[in-house]
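Notes to accompany the following structure.
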Amino acid sequence: MILQLTVAVPVLVAALLATAGRWLPRLAVDVAAVLAVAAVAALAALTLTRAPHHAQVSWLGGWGPATDVGIPLVADPFAAGLALITALLTLAALLFSWRFFTEIQAIFHTLMLLFLAAMVAYVYTGDLFDAFVFFELMSVVAFALTGYRSEEPSTVHGALNFGIIQSIGAYLTLAGIALVYARTGQLGLATAGRALAGTGGGHGDALVTAAFVLICTGYLVKASAVPFHFWLADAHAVAPTPVCVLFSGIMVPLGVYGIARTYWATFAGLVPLRAIAVLGAAAALLGAVMCVLQHHIKRLLAYSTISHVGLLLVGVAAHGPGALAGTAYYLAGHAGVKGALFLAAGALLNRHETVDEHELRGRGRGMPVTGATFLLGALGLAGLPPSGLFAGHAVTEHAAEELGWWWFTPLAVVASALTAGAVLRVWLGVFRGTPAEEDPARDGRDHGGQDHREGGHEDPETRPTLRTLPWTMVTPGLALLIAALLAGLIPGGPVGAAAAMFTDRDGYAGLVLDGRVPHPHSTPADPWTASGVAGFLVTVLLAALIAVYAVRRRASERTGGEGVLARAAAAAAGRLHALHSGHIGDYAAWLTAGVAVLALLTARF
62 MILQLTVAVP
72 VLVAALLATA
82 GRWLPRLAVD
92 VAAVLAVAAV
102 AALAALTLTR
112 APHHAQVSWL
122 GGWGPATDVG
132 IPLVADPFAA
142 GLALITALLT
152 LAALLFSWRF
162 FTEIQAIFHT
172 LMLLFLAAMV
182 AYVYTGDLFD
192 AFVFFELMSV
202 VAFALTGYRS
212 EEPSTVHGAL
222 NFGIIQSIGA
232 YLTLAGIALV
242 YARTGQLGLA
252 TAGRALAGTG
262 GGHGDALVTA
272 AFVLICTGYL
282 VKASAVPFHF
292 WLADAHAVAP
302 TPVCVLFSGI
312 MVPLGVYGIA
322 RTYWATFAGL
332 VPLRAIAVLG
342 AAAALLGAVM
352 CVLQHHIKRL
362 LAYSTISHVG
372 LLLVGVAAHG
382 PGALAGTAYY
392 LAGHAGVKGA
402 LFLAAGALLN
412 RHETVDEHEL
422 RGRGRGMPVT
432 GATFLLGALG
442 LAGLPPSGLF
452 AGHAVTEHAA
462 EELGWWWFTP
472 LAVVASALTA
482 GAVLRVWLGV
492 FRGTPAEEDP
502 ARDGRDHGGQ
512 DHREGGHEDP
522 ETRPTLRTLP
532 WTMVTPGLAL
542 LIAALLAGLI
552 PGGPVGAAAA
562 MFTDRDGYAG
572 LVLDGRVPHP
582 HSTPADPWTA
592 SGVAGFLVTV
602 LLAALIAVYA
612 VRRRASERTG
622 GEGVLARAAA
632 AAAGRLHALH
642 SGHIGDYAAW
652 LTAGVAVLAL
662 LTARF
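This is the structure in structure tokens:
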């Protein structure tokens, strides 16, 4: 009943606001939406406390496992934890919107509540087809939220790119689900997993491999793994700031969750995960490089998300409870840090009507709280102890070393240093720099290969601009940042047990079909090791060097001191930007190539 209420409450309140919101005062709409999300958070927290000890399974319509057609909602500790993070991020976004949007219709609150319901239902569902249904509902609502300011051509362009690419991925996922049904006659994750385990002979055949590849394609599009990532920056650049909090903080990581859940519940041992590791590593590197090349702050943060979600994918591919425990720490830390940084970017946009780093140079000096958010956010991305990102790095690194993946540590250090350095550069320029009357980046040249779609004056997302930030715009970001910086203090025992339960296919099937709660024991590695702390120190040092170099290079550009190496780097950056053309045909072609690569790397030779 609790699981059903967690999904039903936001849907019912959304229906109420869609029907009567136009006649209700703005305060009533805000309060109703916030209370509904707070109720979801409370229900998710209650579920999380009960999940390790009691079977949290609800069969919709009373159609139990004996019918072979029942649809279960299943809350193991990982699912309940994700539902709680989703509700808390939505609560922060709505509180920020309270004063951020002075002119807004109740349809925005309706969409946000439906978005929350779709994400929570997607996390809890134990059925492949219903996962697709909620996946599509999530995408449709996200498409509407991306194009909320539809009067602007760039918004329509970004929303269409988002909608078309997500739809292609979703239909490929549906095709994969059809293959599983053709082989097993089942759609439940647990029932299909038992059927495949009984007929696979320890490994999957071509049909099983094709099913896994197709199902994962849609989830990889959602997770923005290379080369499925092109839609993300375009969507983040035009979506309202509170929506970006949910996109980067939880919607994109839910793609990683979908892959992990589908593999461990249904395909465990039948297909290899090397393709996920390769695509995740590529996303970590390319996202980090593109992040450094951005001057549009929302795009910069979007590419940072691609990079860090790539590390999450590598953690899932590391194939074990230890790595998955590290991934859980990392996801919690990333959600809080990225949510706080997007809210800080929204504050800059409201005050100065732009999120272009060059135009904002030195104009953030009167915003100390926003500046502190960017500074601490940069340190958080670098893995500042005891943050969730620090614990996630250290724990996953230990698991990767046990597999012989020596490359994971340098990959994580480089990706984290580049993304943290880019945010630290924003802090140095915007909150510590000196305002300049002219900016050579606006004189017609394309410095650093900067995307032609970036920069320039933007209409604020709300009017009038606020001279001082109200508590509703300050508190949510600070709360998310503090939570992210303390996430690494969560005891390793419960996290390790949750990871062991998640990776136990037979235990998941017993929970769903037989009502037996598995009690595996697994304690992840202690993040407080010399190598873990050393990793942070190296990362933050590299990030500082990257930020300082970028600021000094910017100063040399203003004086005409650009050298041969700088011009070569700018040419290379221009080629990278050319790949991210904004043309939907190019993105669809890359998606097709990604499916081929995914299939090639997943096939057994």
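Throughout, this note's numbering is defined as the position within the sequence shown, counted from one, plus 61.
Heads up, the beta-carbon is just placed ideally off N, CA and C, and yes, glycines get one too.
Check                                                                                                                       : Outcome
Cutoff 8 angstroms; reference ALA271; Cβ partners in own chain excluding five residues on either side                       : GLY237, LEU240, ALA660
From VAL181, ASP587, ASP191, residue whose alpha carbon lies closest to that of ALA460                                      : ASP587
GLN65, DSSP secondary structure in three states                                                                             : helix
Neighbour-count burial assignment, VAL118, 16 or more Cβ in a 10 Å radius                                                   : buried
Check whether SER285 and VAL306 have beta carbons under 8 angstroms apart                                                   : no
Reduced DSSP category for TRP532 - H, G, I as helix; E, B as strand; rest coil                                              : helix
Neighbour-count burial assignment, THR67, 16 or more Cβ in a 10 Å radius                                                    : buried
Boundaries (first-last residue) of the beta strand (DSSP E) holding SER285                                                  : It is not in any beta strand (DSSP E) - SER285 carries neither H nor E in the DSSP assignment.
Limits of the alpha helix (DSSP H) - the one that TRP159 falls within                                                       : 138 to 161
Contacting residues, own chain, Cβ-Cβ under 6 angstroms from LEU550 (five flanking each side not counted)                   : PRO447
Nearest-angstrom Cα separation, counted from ALA343 out to ALA695                                                           : Since the first residue shown for the chain is 62 and the last is 666, residue 695 is missing from the structure and cannot be characterised.
Three-state secondary structure (DSSP) of GLY249                                                                            : strand
Bridge-paired residues (DSSP) for HIS357                                                                                    : ASP417
Rounded C-alpha distance that separates GLY516 from GLU420                                                                  : Below a pLDDT of 50, predicted positions are generally treated as unreliable, and GLY516, at 49, falls in that range; the measurement from the model is reported next regardless. Near 8 angstroms, if we compare the C-alpha coordinates of GLU420 and GLY516.
Assigned secondary structure, GLY186 (DSSP; H/G/I helix, E/B strand, else coil)                                             : One detail in the question is off: residue 186 reads as Thr in this sequence, not Gly. In the structure shown, THR186 sits in a strand (DSSP, three-state: E or B).
Contact under 8 angstroms by Cβ, LEU206 with VAL287                                                                         : no
Residues bridged to SER119 [DSSP beta-bridge criterion]                                                                     : LEU134
TYR209, enclosing alpha helix (DSSP H) - first and last residue                                                             : Where TYR209 is concerned, there is no enclosing alpha helix (DSSP H), given that its DSSP letter is neither H nor E.
Spatial distance of LEU293 from LEU250 (CA atoms)                                                                           : 28 angstroms
Exposed unless 16 or more other CB atoms sit within 10 angstroms - verdict on MET62                                         : exposed
Cα-Cα separation between ARG210 and ILE168, rounded to whole angstroms                                                      : 12 angstroms
Nonlocal neighbours in the same chain, by C-beta distance under 8 angstroms from THR434, ignoring five residues either side : ALA401, LEU402, LEU404, ALA405, GLY538, LEU539, LEU542
Classification of GLU418 by the beta-carbon crowding that lies within 10 angstroms, buried from 16 upward                   : buried
Neighbourhood of GLY554 by C-beta, 8 angstroms cutoff - its chain only, sequence neighbours within 5 removed                : THR584
Exposure label - THR252; buried when at least 16 CB within 10 Å                                                             : buried
Which of helix, strand or coil DSSP assigns to MET351                                                                       : helix
Cβ contact check for the region 210 to 226 and the region 642 to 652: 3 or more pairs under 8 angstroms                     : yes
For GLN227, the three-state DSSP class (helix, strand or coil)                                                              : helix
Neighbourhood of LEU603 by C-beta, 6 angstroms cutoff - its chain only, sequence neighbours within 5 removed                : ALA478
Proximity of MET180 and ILE311 at Cβ, strictly below 8 angstroms                                                            : yes
Where the alpha helix (DSSP H) through TYR569 begins and ends                                                               : 566 to 570
Nonlocal neighbours in the same chain, by C-beta distance under 6 angstroms from GLY319, ignoring five residues either side : TYR280
Given 8 angstroms, three or more beta-carbon pairs between the region 129 to 140 and the region 172 to 190                  : yes
The ligand PLP heavy atom lying under 7 angstroms from the CB of PHE196                                                     : With respect to the ligand PLP, the structure shown offers nothing to examine, as it has no ligands at all.
Test item: CB-CB of MET428 and ARG160 under 8 angstroms                                                                     : no
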